[in-house]
Amino acid sequence: MKLFGYNLPGMSSLIIWGLLWELIGQLDVTFFVPPLSEVLATLFEIIGTPAFLKALGETGYAFVVGVFFAVFIGIPVGILMGRSRLLDELLLPWVNVFLSAPLTALVPVLMVLFGFGMKSIIITTTLFAIWIIILNSRAGVKQINRSLVEMAKSFGASPADAFFKIYFWAALPEILGGVRIGVIRAVKGVIIGQLLISIVGFGALFELYSSNFLMAHFWAVLIVLFALAFTIAEFLAYLERRVAYYAAKR
Amino acid sequence: MANRSLYLKILSAVIIFGAWEIAGRIPVSYAFPTFLESMAALGNMALDGRLWEAYAETLRPLVVGVAISTVLGIGLGLWIGLSKFFDWLVSPIFIVMQSAPLAALIPLLVMAYGIGLTSKVFVVCIMAMPVIVLNTASAVRHTPESMKEMCKSFLGTRTDMLIKIIIPAASPLIFSGLRLGVSAGFIGAILAELKITPTGVGDIITFSRSIADYPSMYAAIFSIIVLAVLFLNLLERTEKTLFKGHDRGYVSD
Amino acid sequence: MDMSLIKEAPATAEPALSEIAVSVRNISKNYGAVEALKDLTLEFPRGQLTSLLGPSGCGKTTLLKIIAGLLEPTSGEVEVNGKPVTGPGPNRAFVFQDFALLPWATVMRNVAFGLELRSINKSKREDIAAKYIKEVGLGGFENSYPHELSGGMRQRVGLARALSVDAKVLLMDEPFSAVDEQTRRKFQEDLLGLVQNENKTFIFVTHSIEEAVYVSDQIAILLPRPSRVSEIIRPSGFRHKDHDQIRRDPEYLDIVDDIWASLRSYVE
Ligand SMILES: Nc1ncnc2c1ncn2[C@@H]1O[C@H](COP(=O)(O)OP(=O)(O)OP(=O)(O)O)[C@@H](O)[C@H]1O
Ligand SMILES: [Mg+2]
Numbered sequence: 011m012k013l014f015g016y017n018l019p020g021m022s023s024l025i026i027w028g029l030l031w032e033l034i035g036q037l038d039v040t041f042f043v044p045p046l047s048e049v050l051a052t053l054f055e056i057i058g059t060p061a062f063l064k065a066l067g068e069t070g071y072a073f074v075v076g077v078f079f080a081v082f083i084g085i086p087v088g089i090l091m092g093r094s095r096l097l098d099e100l101l102l103p104w105v106n107v108f109l110s111a112p113l114t115a116l117v118p119v120l121m122v123l124f125g126f127g128m129k130s131i132i133i134t135t136t137l138f139a140i141w142i143i144i145l146n147s148r149a150g151v152k153q154i155n156r157s158l159v160e161m162a163k164s165f166g167a168s169p170a171d172a173f174f175k176i177y178f179w180a181a182l183p184e185i186l187g188g189v190r191i192g193v194i195r196a197v198k199g200v201i202i203g204q205l206l207i208s209i210v211g212f213g214a215l216f217e218l219y220s221s222n223f224l225m226a227h228f229w230a231v232l233i234v235l236f237a238l239a240f241t242i243a244e245f246l247a248y249l250e251r252r253v254a255y256y257a258a259k260r
Numbered sequence: 003m004a005n006r007s008l009y010l011k012i013l014s015a016v017i018i019f020g021a022w023e024i025a026g027r028i029p030v031s032y033a034f035p036t037f038l039e040s041m042a043a044l045g046n047m048a049l050d051g052r053l054w055e056a057y058a059e060t061l062r063p064l065v066v067g068v069a070i071s072t073v074l075g076i077g078l079g080l081w082i083g084l085s086k087f088f089d090w091l092v093s094p095i096f097i098v099m100q101s102a103p104l105a106a107l108i109p110l111l112v113m114a115y116g117i118g119l120t121s122k123v124f125v126v127c128i129m130a131m132p133v134i135v136l137n138t139a140s141a142v143r144h145t146p147e148s149m150k151e152m153c154k155s156f157l158g159t160r161t162d163m164l165i166k167i168i169i170p171a172a173s174p175l176i177f178s179g180l181r182l183g184v185s186a187g188f189i190g191a192i193l194a195e196l197k198i199t200p201t202g203v204g205d206i207i208t209f210s211r212s213i214a215d216y217p218s219m220y221a222a223i224f225s226i227i228v229l230a231v232l233f234l235n236l237l238e239r240t241e242k243t244l245f246k247g248h249d250r251g252y253v254s255d
Numbered sequence: 030m031d032m033s034l035i036k037e038a039p040a041t042a043e044p045a046l047s048e049i050a051v052s053v054r055n056i057s058k059n060y061g062a063v064e065a066l067k068d069l070t071l072e073f074p075r076g077q078l079t080s081l082l083g084p085s086g087c088g089k090t091t092l093l094k095i096i097a098g099l100l101e102p103t104s105g106e107v108e109v110n111g112k113p114v115t116g117p118g119p120n121r122a123f124v125f126q127d128f129a130l131l132p133w134a135t136v137m138r139n140v141a142f143g144l145e146l147r148s149i150n151k152s153k154r155e156d157i158a159a160k161y162i163k164e165v166g167l168g169g170f171e172n173s174y175p176h177e178l179s180g181g182m183r184q185r186v187g188l189a190r191a192l193s194v195d196a197k198v199l200l201m202d203e204p205f206s207a208v209d210e211q212t213r214r215k216f217q218e219d220l221l222g223l224v225q226n227e228n229k230t231f232i233f234v235t236h237s238i239e240e241a242v243y244v245s246d247q248i249a250i251l252l253p254r255p256s257r258v259s260e261i262i263r264p265s266g267f268r269h270k271d272h273d274q275i276r277r278d279p280e281y282l283d284i285v286d287d288i289w290a291s292l293r294s295y296v297e
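Protein chains in written order, with our numbering: chain A, 11 to 260; chain B, 3 to 255; chain C, 30 to 297.
Quick look at the structure:
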């Protein structure tokens, strides 16, 4: 977008929306939208409080552990599926099923099986992220140039060497693409898990704020969450672009 | 060879459902019914009509929400794709929405709109809309330049360009955006039923859990997953037959 | 190198002014800092085929699109039949390098698309389209979709679409680049037939020296950065000959060699 010959940066219109928000808040249109300035003030107020830090810590922990499992189970499974036709044919239908299944429906099962705590939230997070990681790793391995594989064989690479020095790197752009989408889904999963289980992390915080009608607090936490999610997504997109340069030239 | 893939599909289903059955018989947990128990419960619910009533209830916000998201989302997406200014103004909102955990808005929606249908429709809309909008916009932006030039050189007007070139060229991507939107809508609809007020399938799940009727609970979850997966598969098939060859024919392949 | 030699050998009389269908005067085109065309002047005689030949990136497509009215020149003017060009018009039709067919439309609708945009009623435009579909040798494929056709067949659909609007000037951007050598030769012969039978002005972009010499009445050689016309060649001695004799004609061979000699320095 150009204005008077200047190129406006991509997300700059958010400033306008912020101003609009402030205006609506100042005009007192609705109780649910306090002015942005008030929200930001509240944000600075609560950001250091133990309750907020505890919620952030718990959410961060569930998120990191959940993503860890999704990545370290998902990538090897995906690579194996890409390598073995039998495994592929056995697992692919299920991966596709869970990819499009409404996973929210599984949260109650996790709750009865694993209790109303961290464990269920971590598993929810993993479930949201893992399927796309598997699928993309598989696709990455499937598209590896045959001559690259044959080159490795002709130089006498051991299977382990072939795995870590060829398959992983050759499939890296796709794998990273999968991890990026998986992580974005994990952010949603961790919040959905907390909302449904709602005694830990931000889920508990939301419950507290909404039952006490603390609108500014509520919005402040939302802003933090959305900003974190957006930053994570953009950071991963940046990483993906860093490796994309060789994706085209394999 | 076609048979091999079918056999393997059946085999993998047998393995998974068999594992479920065995795990239920051990049992791994008091709250883990066997596969056959769950299927029996599903049969019962289907016979006494509870299941159908529940689905009528569950599908209402889903259908309404997806319909609203489709109309609004495609409209906004077209506008964003066509106008640089509107793109600059509006896309950031949807880009943020796309990566944000919008489920966090639910408590707010409940406060604002109560626990009725409106809130649930809203939940479905905020989940389904971003991907529809962004897919439509990017499809419009990526209309092959040479087709647009072709239209211009044969004296097409702006309306011709939109109706005869841009929309048909964008429709495969728009359709796959819709499919993703429906998928997100399912997540939203069930989330709404579990979080806002238990109705429909969400009610079966919550109620069965509270009286420890686990087979019914698993059966309800099983059925909603099967329904979503089947429906999305159907959409994908439709997409493939409808737009066969669309991505070819204008490039030299 | 002695260019005067070639210029004399095939020299015919310079075409008279009324016989000029398209004239391009002092055209410059900048893409930001890139000077694609600079002060280019060129005339295209009516009823003849003129090739634009030059190394990649020298601005052939740019020139063709300016004539088509798809791009605005930074300065200079283009006239078609004495009238200045301000945008696309019914007197010019474009054949696109990548075909630009509608993948969701049958061959029939694709060929009739130019007429459809001119609001000609359905039965009439399909009659016209059917005629040109036959003419380019696609009879029987009216209801096929582009993805069911080979590259060469798709190219013919693009050609038929351009022919069916009956424009007096045909602008063809590397129309044969996506087809195999055999098909290409067939197309070149067909093109010679078209030039003879239809009283149209053809402007033809190509990378191939042989192709240019084979099909052209006039060849404009463009040199890059900033692009200008370095010379104009009018092969004429073999135009009347049988199509399969042309490639053996000594004049043909000489011209091919000379063009290569003058372009060679830009490749190295
Ligand atoms: N849209 C554009 N923006 C910026 N530069 C452009 C654009 N289109 C073309 N150019 C530049 O203008 C010059 C001429 O381009 P043009 O496409 O006319 O070349 P060409 O002779 O058709 O090449 P080729 O034979 O490869 O098709 C090139 O250097 C190209 O980089
Ligand atoms: Mg070109």
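Heads up, the beta-carbon is just placed ideally off N, CA and C, and yes, glycines get one too.
Check	Outcome
According to DSSP, is Tyr252 (chain B) helix, strand or coil?	Per-residue confidence for Tyr252 (chain B) stands at a pLDDT of 37, beneath the threshold of 50, marking its modelled position as unreliable; no derived number is given.
Give every residue of the same chain whose Cβ lies closer than 7 Å to the Cβ of Ala191 (chain C), excluding the five residues on either side of it in the sequence, and list them in chain order.	Ala122, Phe123, Val124 and Leu199
Nearest-angstrom Cα distance between Lys229 (chain C) and Ser140 (chain B)?	40 Å
Does any CB atom of chain B fall closer than 8 Å to the CB of Pro102 (chain C)?	no
Does the beta-carbon of Thr235 (chain C), which I'm using as the reference point, lie nearer than 7 Å to any heavy atom of ligand 2?	no
Where does Asp195 (chain C) sit, in a helix, a strand or coil, going by DSSP?	coil
Against Leu167 (chain C), what residues of chain B qualify as contacts under a CB-to-CB distance less than 9 Å, listed in chain order?	Within 9 Å Cβ-Cβ: nothing; Leu167 (chain C) doesn't reach chain B, min ~15 Å.
From Thr138 (chain B) to Pro94 (chain B), what does the alpha carbon distance come to, in whole angstroms?	15 Å
For Pro132 (chain B) versus Phe96 (chain B), is the C-beta distance shorter than 8 Å?	yes
Following a CB-centred definition, is Asp90 (chain C) positioned closer than 7 Å to any heavy atom of ligand 2?	Note on residue identity: the sequence assigns Thr, not Asp, to residue 90 (chain C). Correct: Thr90 (chain C) has its Cβ closer than 7 Å to ligand 2.
Got a sec: is the Cβ-Cβ distance from Gly61 (chain C) to anything in chain B below 8 Å?	no
Provide the residue(s) that pair with Arg54 (chain C) in DSSP beta bridges, ordered along the chain.	C:Glu106
Ordered along the chain, which non-local residues of its own chain (more than five positions away) have a Cβ less than 6 Å from that of Ser245 (chain C)?	Leu78 and Ser80
With DSSP collapsed to three states, give me the class of Asn146 (chain A).	helix
So, using beta-carbon positions, are Ile162 (chain C) and Val136 (chain C) closer together than 8 Å?	yes
Return the CA-CA distance between Ile201 (chain A) and Pro103 (chain B), expressed in angstroms with no decimal places.	6 Å
Please list, in chain order, the chain C residues whose beta carbon lies closer than 8 Å to that of Met149 (chain B).	Ala129 and Leu131
Taking just the CA atoms, how far does Pro174 (chain B) sit from Thr41 (chain C)?	The pLDDT assigned to Thr41 (chain C) is 46, lower than 50, so where the model puts this residue is not dependable; a value taken from the coordinates is nonetheless given after this. Rounded to the nearest angstrom, the two C-alpha atoms are 55 Å apart.
With a CB to CB cut of under 6 Å and the five nearest residues on each side skipped, what residues in its chain are close to Tyr60 (chain C)?	none
Considering only heavy atoms of ligand 4, does any lie closer than 7 Å to the CB of Val63 (chain C)?	Among the ligands present in this structure, namely ligand 1 and ligand 2, ligand 4 is not found.
Quick check on Ser31 (chain B): does DSSP put it in helix, strand or coil?	coil
Please classify Asn139 (chain C) as buried or exposed, where buried requires at least 16 neighbouring CB atoms within 10 angstroms.	buried
When the Cβ atoms of the stretch 104-120 of chain C are set against those of the stretch 162-179 of chain C, are three or more pairs found closer than 8 Å?	no
Any heavy atom of ligand 2 closer than 7 Å to the Cβ of Glu203 (chain C)?	yes
Just list the residues that DSSP pairs Ile108 (chain B) with in beta bridges.	Paired residues: none, contrary to the question.
Ligand 1 and Ser148 (chain B): does the residue's C-beta get closer than 7 Å to at least one heavy atom of that ligand?	no
Residues of chain B with CB under 7 Å from Phe1 (chain A), in chain order?	Chain A is shown only over 11 to 260; residue 1 (chain A) falls outside these bounds and no answer can be derived.
Can you give me, in chain order, the residues of the stretch 187-199 of chain A that have a beta carbon less than 9 Å from any beta carbon in chain B?	Ile194, Val197, Lys198 and Gly199
Taking contact to mean at least 3 C-beta pairs separated by less than 8 Å, is the stretch 215-224 of chain A in contact with the stretch 164-174 of chain A?	no
Contact criterion: CB-CB distance below 8 Å. Does Gly143 (chain C) meet it with respect to chain B?	yes
For Phe245 (chain A), count neighbouring C-beta atoms within 10 Å of its own C-beta (all shown protein chains included) and say buried if the count is 16 or more, exposed if not.	exposed
Just reading off the alpha helix (DSSP H) that Ser101 (chain B) is part of, what are its end residues?	Lys86 to Ser101
Does any CB atom of chain B fall closer than 8 Å to the CB of Val51 (chain C)?	no
Looking at the unbroken alpha helix (DSSP H) that takes in Lys150 (chain B), where does it start and where does it end?	Glu147 to Ser155
Does any CB atom of chain B fall closer than 8 Å to the CB of Phe216 (chain C)?	no
Quick one, are the C-beta atoms of Ile85 (chain A) and Ser147 (chain A) less than 8 Å apart?	yes
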